[in-house]
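Encoded as structure tokens, the structure appears first; notes follow it.
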Amino acid sequence: MKKTITLLTLTLILLSCSERTKTNSEKTTITKIPIQEKITKKFINQSLPTIGILIFEGVIINEVVAPLDVFSNPTIDNKNLFNVITIAKENKTYNSAHGLKIIPDFVIEDIPELKVLVVPSSYNPTDQTSDEKLVNFVKEQNKSTDYIASHCAGAFLIGASGIANNKKIVTYVTGGKSLKENYPNLQVVDDNKISVIQDGKFISSNGSLVSYIASFDLLEKLTSTEHRKFVETSILFDRIKK
């Protein structure tokens with residue numbers, strides 16, 4: 001009799017657990033939200049000029065971080081001087097050349113007015129120069145920006161756009177010959193001797209960590225020598241130079 005009662009009790013418990021599992025399963029609904037719907041636009045302070053950094057698949061991360069780092073730092077009074085945003089063709093996650101994932105703040109069709117456009121590079125610049133949408137975007141931004149900065153092989157995208165014809169420009173070390181062959185209208189300078197050069201609204205560099213020097217040069221033009229020195233000290237860049 002006791003065995004019968006015990007078996008009956010176990011059966012009821014198992015049935016109860018089964019029903020709970022079934023009920024919980026019915027109540028639990030997993031909704032997959034596309035990543036595009038999770039991305040929210042970065043807040044823009046309309047009273048501040050905006051620095052836009054172009055990103056794409058395989059972008060070299062130093063050339064994104066350098067302008068982001070330099071222009072995002074506040075003044076000695078802790079006041080921001082710029083909006084700094086990342087821009088891409090699509091609202092998706094991009095992989096940098098070294099695997100860091102980046103989600104852009106804006107897509108190129110819907111960006112605020114830019115004071116500066118920064119064009120970094122990748123190890124396959126043909127991917128960018130053959131992209132009509134990117135080339136046209138750079139052309140359009142040239143009409144309204146005060147400055148356009150390119151780093152490393154970003155100079156090839158500048159060349160493809162035709163906006164810097166007859167202007168001095170530098171690219172990555174050993175890349176000058178290829179840049180000149182592909183875009184003969186550019187005044188390509190010796191990348192073995194020159195790290196950063198400015199010609200009018202265009203500023204270009206060898207890229208990688210040299211992007212910091214170019215970014216600081218541009219920061220000084222847009223603010224002051226004092227602010228440049230303050231930011232250099234804030235991020236300990238002054239110690240690297242010693």
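The sequence shown runs 1 to 242 under UniProt numbering.
Backbone N, C-alpha and C define an ideal beta-carbon position, used for all residues, glycine too.
Starting from Ala149, trace the beta strand (DSSP E) both ways and give me its first and last residue.
-> Where Ala149 is concerned, the enclosing beta strand (DSSP E) stretches over Tyr147 to His151.
Inter-residue spacing [alpha-carbon to alpha-carbon] between Phe119 and Ile87 = In the sequence under discussion, the amino acid at residue 119 is Val, which differs from the Phe named in the question. Val119 and Ile87: Cα-Cα distance of roughly 10 Å.
Tell me whether Ala66 sits in a helix, a strand or coil according to DSSP, three-state version.
-> DSSP places Ala66 in helix when its eight states are reduced to three.
Report all residues from its chain with a CB closer than 8 Å to the CB of Val196; omit the five preceding and five following residues, and keep chain order.
-> Hits under 8 Å: Val170, Ile203, Ser204, Ser205, Asn206, Val210, Ile213, Ala214 and Asp217.
Is DSSP giving Val217 helix, strand or coil here?
-> The amino acid at residue 217 is misidentified as Val; the sequence shows Asp. DSSP places Asp217 in the helix class (H, G or I) of the three-state scheme.
For Tyr212, the three-state DSSP class (helix, strand or coil) = Helix, per DSSP.
Three or more C-beta pairs below 8 Å linking the segment 50-57 and the segment 85-104 = With the cut-off at 8 Å, the segment 50-57 and the segment 85-104 touch.
Between which two residues does the beta strand (DSSP E) carrying Phe202 extend?
-> Residues Phe202 to Ser205.
Nearest residue (CA-CA) to Gly175, options Val189, Lys201 and Phe137 | The shortest C-alpha separation from Gly175 is found at Val189.
Taking all protein chains shown into account, do 16 or more other C-beta atoms lie within 10 angstroms of the C-beta of Asn45, making it buried, or fewer, making it exposed?
-> In summary, Asn45 is exposed, with fewer than 16 beta-carbon neighbours lying within 10 Å of its beta-carbon over all protein chains present.
Cβ-based burial, Glu232 [other Cβ within 10 Å; buried from 16] = Glu232 is buried by the Cβ-count criterion.
Within its chain, find whatever has a CB closer than 7 Å to the CB of His98; leave out the 5 residues flanking it on each side and keep chain order.
-> Only Ile61 meet the Cβ criterion.
Cα-Cα separation between Gln198 and Lys177, rounded to whole angstroms = Cα to Cα, the separation comes out at about 19 Å.
On a CA-only basis, which of Phe43, Asn95 and Arg239 is nearest Ile103? Give me that one, please.
-> Distance from the Cα of Ile103 is smallest, within the candidate group Phe43, Asn95 and Arg239, for Asn95.
Is Ser122 helix, strand or coil when you go by DSSP?
-> In the three-state reduction of the DSSP assignment, Ser122 falls in the strand class.
How far does the beta strand (DSSP E) with Gln141 in it reach, from first residue to last?
-> For Gln141, no beta strand (DSSP E) segment is defined; the enclosing uninterrupted segment is the alpha helix (DSSP H) at Glu132 to Asn142.
Assign Lys167 to one of three DSSP states: helix, strand, or coil.
-> For Lys167, the secondary structure class from DSSP, reduced to helix, strand or coil, is coil.
I think Ser161 touches Val138, with their Cβ atoms under 8 Å apart; what is that distance to the nearest whole Å?
-> Between Ser161 and Val138 a beta carbon distance of about 4 Å is seen, short of the 8 Å cut, so the two are scored as contacting.
Could you check where the beta strand (DSSP E) with Ala88 kicks off and where it finishes?
-> Here the beta strand (DSSP E) through Ala88 covers Asn83 to Ala88.
Identity of the residues DSSP links to Lys101 by a beta bridge = Paired residues: Asn95.
Quick one: Cα of Asn185 to Cα of Asn91, how far?
-> Cα to Cα, the separation comes out at about 34 Å.
Going straight from the alpha carbon of Gln128 to that of Asn136, what length do you get?
-> So the two alpha carbons sit approximately 11 Å from each other.
Determine which residues share a DSSP beta bridge with Ile53 and list them.
-> Thr86 and Val118, per the DSSP bridge assignment.
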